[in-house]
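Protein sequences, first through last, are from chains A and B.
Every letter in the first sequence is one number past the one before it in this note's numbering, and letter 255, counting from 1, is 248.
Every letter in the second sequence is one number past the one before it in this note's numbering, and letter 263, counting from 1, is 315.
Every residue gets a Cβ at the ideal spot worked out from N, C-alpha and C, and that includes glycine.
Keep in mind it's a predicted model, so treat the numbers as computed, not measured.
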Amino acid sequence: MKLKSAFSACLFFLIVLALFSCKNDQEESFGKFQLKFAHKVNGNELKCDTLVYTNAAGNQYMVNDIQYFISDIDLINNEGQAYRLKADGFAHYADTDIPSTLIWNVKDQIPSDNYKAIRFVFGFTPEHNISNQYPNQPESDMFWPESLGGGYHYMKLNGKWLKPGETIPTPFNFHLGIGQVYSGTKEAEIAKSSKWPCGSIITKSKNDVLGFVHNQFTVNLPVSFLITKDNTTSLELVMNVESWFETPNIWNHNTIGSSIMQNQQAQIWAKENGQDVFSISAK
Amino acid sequence: MNLIPGIKRKSAWILLILFPFLMSCHKDTEVTPAFKPTLYTIQIPKFFPTKLNIPDDNPMTVEGIRLGRYLFYDGRLSGRTHPDSLMSCSSCHTQSSAFEPGINNTRFPGGKTFGLTGIATPHYALPLMNLVFNSNGYLWNGMIHSSNTKLGNTAYGIPALPQYNYKNLESLVWMAIAAPHEINGSIEKTVQLIGSDPMYPPMFKAAFGTSEINIDRISKAIAQFVRTLISSNSKFDKYLRGESSLTPEELMGYNLFTTEEGADCFHCHGGGGNPLFSTYLFYNNGKDTQFNDPRDRFSITQNPVDKGAYKAPSLRNIEFTAPYMHDGRFKNLDEVIDFYSEGVILTQYTSPLMHHAQNQGAQLTPTEKQQLKAFLKTLSDQQFITDTSFSKPSDLNWQK
């Protein structure tokens, strides 16, 4: 009788253990995630170093290279919960001149689930835009000078455009990052009246710079994908380059000029144009 | 005859036969020590890169660096002994000029170098400093790079063997010995001559485990020494570390250096966020209208966009490294600043980062030029050019 009771107890214990372990398996199932970076113009793969594109303002232009950071990358599941990628740090650097940066095999173990979107910050939030955090090249080459606000370029997009009546293309540096409010400017008046259009943070002042403006923005891309146990799910993030130069602001190089690091108005236009620059798809 | 008293003859013979084996076993296990050189760890200065370009097959050791220092300064690398025929790395790379020839070089007037047999070198020499932090290629065109699979050089009579590769600093040693515009020598003669000095075999043994001397070991030792040449104590470094301050003029110069609407030097030459003061990437900076140099960046990539492009050299110690540019066309900093202010030529090959080219340059005022120059001089590192651990060993008498 005692033996039978002991046997029943053991059986019960084993069943409970099995049930719990099954549940555990289900809850702790993980998969891998890969993000590929593609760059297109009007739906076709970007062709660098060749004067073959025309922007919405009618400027003939070429792109030579693009470097940029995305950070605080979240995968959003169908319940709206966010999984923050963190095993590789909080940001990823992509560079059209360095193919290895264009395929990101994320180190995180991603919970198996149905996901409905990916979200990231283009550039860095102020909390993460810390000078000298990247000691090594190529990331260190992206530093944004202290006198202009410090931290890092969100993006360098270098190219050339053809000025009217000229045959040699002129360089342009579409560089995005922290903006400055200079004393005596229209922006300074706006800042003083606390009506800065981007909810900016005026942090400190230096020389004739009244303050700095953080111009990063969040990109939210709906995309349905599944992370399954032990499998790698791959998505392709596409930068549609022409979108930087249209909607809502038509970008005319002839009027805006070659350089915009010290032109906060241009930074705002770029930020507004950047909202629909990215698209994503399963790959 | 009883050879050993008290032991029978048969046993004695067995002992005699086994004795050498027993002794040899004893020697193998206890006498030969394992080769354990003293590993050398590079102390990374604050804000400097943590990624080091050190090949797996050439770890840095105290013994290897010591040997490399002697070889770096030994004129017998030329494979010749006549006083007029000595040439070493230090012949062109002099410490007082941040390990480049320098414009006041007595052997190479104006800093224009030529080889042992009088053939001009195609480009002006680059300084040797902080090279361990550069993974983007060595020489003006970046030919020496881990991705380069080329071996040997038929024009120099060098066979396609693994030790004659183009991958890292080690490669520059065999190239310097063999190149007609440098030592124009014979690797065999160099190896033989170095080996003939009784000083060296023990040093090779200490560095590599045996006293064998070959080009691979000579190259590795010199490369180890060159990787120790780190410059990180300029006035600007101390300013970054909060140990010193800059004058208002120097600060204004730094502001010009790091602003797009100023001189915009930093995109190619670094700054506070990249204290190497170079991206070590390649740019056509708008010096010319015709680009036919067979040794420009285009010669490596075959990408037309690289015509007339050269590596942006580090601006550290720039005060000591005149003349400037790959062809030494500018004799002083004023000429360089004038060029970037009003002498830049816009062509289809001009780098897109040279946006001031549309106005022939940054159009600096005389005051701004002085401010920029004042800042550039804060990059001078007196400690680097006088550090005795980088200097010629006092007991080496074969330098020229």
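request  = Could you spell out where the alpha helix (DSSP H) holding Phe372 (chain B) opens and where it closes?
outcome  = No alpha helix (DSSP H) holds Phe372 (chain B); DSSP gives it neither H nor E.
task = For Ser124 (chain A), return the contacting residues in chain B, with the cut-off set at a CB-CB distance below 8 Å.
result = Gly324, Gly325
inquiry  = Using a 10 Å radius around the Cβ and a threshold of 16 neighbouring Cβ atoms, would you call Asn37 (chain A) buried or exposed?
reply    = exposed
message = Judging by CA-CA distance, which residue of A:Gly204, A:Arg77, A:Gln268, A:His85 is the nearest neighbour of Glu182 (chain A)?
response = A:Gly204
request  = Would you check if the distance between the CB atom of Pro131 (chain A) and the CB atom of Asp81 (chain A) is smaller than 7 Å?
outcome  = no
inquiry  = Quick check on Ile261 (chain A) - is its C-beta less than 7 Å from some C-beta in chain B?
reply    = no
query = Of all Cβ atoms in chain B, is any one closer than 7 Å to the Cβ of Pro164 (chain A)?
reply = Judged by the 7 Å Cβ criterion, Pro164 (chain A) is in contact with chain B.
ask   = In chain order, what residues of the segment 301 to 324 of chain B put their CB closer than 7 Å to some CB of chain A?
value = Asn307, Thr310, Thr311, Glu312, Glu313, Phe318, Gly323, Gly324
ask   = Excluding the five sequence neighbours on either side, which residues of its own chain have a C-beta within less than 6 Å of the C-beta of Thr310 (chain B), listed in chain order?
value = Phe318, Gly323
inquiry  = Can you give me the C-alpha to C-alpha distance between Ile56 (chain B) and Phe87 (chain B), rounded to a whole angstrom?
reply    = At Ile56 (chain B) the pLDDT is 43, less than 50, meaning the model places this residue with poor confidence and gives no usable figure here.
request  = Assuming Ile274 (chain B) contacts Val243 (chain B) (C-beta within less than 8 Å), just tell me the rounded distance between them.
outcome  = In fact, because the Cβ distance is near 13 Å, the residues do not count as touching under 8 Å.
query = Within 7 Å (strictly less), CB to CB, does Ile161 (chain A) reach chain B?
reply = yes
key: Cβ neighbour criterion (16 or more within 10 Å) applied to Lys425 (chain B)   = buried
Closer than 7 Å at the beta carbon, the chain B residues around Asp42 (chain A) = Val357
query = Could you check where the alpha helix (DSSP H) with Ile239 (chain B) kicks off and where it finishes?
reply = Unbroken alpha helix (DSSP H) run through Ile239 (chain B): 239 to 248.
query = What residues of chain B sit near Met232 (chain A), judged by a beta carbon separation below 8 Å?
reply = Result: empty, since nearest Cβ-Cβ is about 18 Å, beyond 8 Å.
request  = Return no unless some Cβ of chain B is closer than 7 Å to the Cβ of Ser64 (chain A).
outcome  = no
query = Nearest-angstrom Cα distance between Ile96 (chain A) and Ile66 (chain A)?
reply = Taking the straight line joining both Cα atoms gives about 15 Å.
request  = Pick helix, strand or coil for Trp192 (chain B), following the three-state DSSP scheme.
outcome  = coil
task = Decide if Arg368 (chain B) is buried, meaning its Cβ has at least 16 other Cβ atoms within 10 Å, or exposed.
result = buried
query = Which full runs of the alpha helix (DSSP H) of 4+ residues lie inside the segment 126 to 162 of chain B, going along the chain?
reply = 141 to 144
key: CA nearest to the CA of Tyr108 (chain A), picked from A:Ile220, A:Val270, A:Ser274   = A:Ile220
key: Length of the line joining the Cα atoms of Pro92 (chain A) and Val56 (chain A)   = 16 Å
query = Is the Cβ-Cβ distance between Pro89 (chain B) and Thr113 (chain B) less than 7 Å?
reply = yes
ask   = Listing by chain order, which chain A residues have their CB less than 8 Å from the CB of Asn266 (chain B)?
value = Within 8 Å Cβ-Cβ: nothing; Asn266 (chain B) doesn't reach chain A, min ~34 Å.
request  = Report the residues of the segment 236 to 252 of chain A with a CB closer than 8 Å to any CB of chain B, ordered along the chain.
outcome  = Ser251, Ser252
query = On the three-pair Cβ rule with 8 Å, is the segment 121 to 141 of chain B touching the segment 342 to 349 of chain B?
reply = The segment 121 to 141 of chain B, when compared against the segment 342 to 349 of chain B, does not touch it at the 8 Å Cβ threshold.
inquiry  = With the cut-off set at 7 Å, would you say His321 (chain B) and Ala364 (chain B) are in Cβ contact?
reply    = Going by C-beta atoms, His321 (chain B) is nearer than 7 Å to Ala364 (chain B).
inquiry  = To be precise: take each residue of the segment 114 to 139 of chain A, compare its Cβ to all Cβ atoms of chain B, and keep it if any distance is under 9 Å. Which residues remain?
reply    = Ser124, Asn125, Tyr127, Pro128, Asn129, Gln130, Pro131, Ser133, Asp134, Met135, Phe136, Trp137, Pro138, Glu139
query = Can you list the residues of chain A that Ala172 (chain B) reaches, using a CB-CB cut of under 8 Å?
reply = Near Ala172 (chain B) there are no residues of chain A at all, since even the closest Cβ is about 33 Å away, more than 8 Å.
message = Let me make sure I understand the geometry here. Which of B:His175, B:Asn188, B:Phe160 has the alpha-carbon closest to that of Leu333 (chain B)?
response = B:Asn188
message = In the DSSP output, what is Pro104 (chain A) paired with across the bridge?
response = A:Phe23
ask   = Under a CB-based cut-off of 7 Å, is Asn57 (chain A) close to chain B?
value = Chain B contact via Cβ: present.
request  = Figure out for me which residue from B:Gly380, B:Gly338, B:Leu303, B:His407 has the closest Cα to the Cα of Pro138 (chain A).
outcome  = B:Leu303
Chain A residues whose Cβ lies nearer than 7 Å to that of Thr331 (chain B) = Gln130, Asp134
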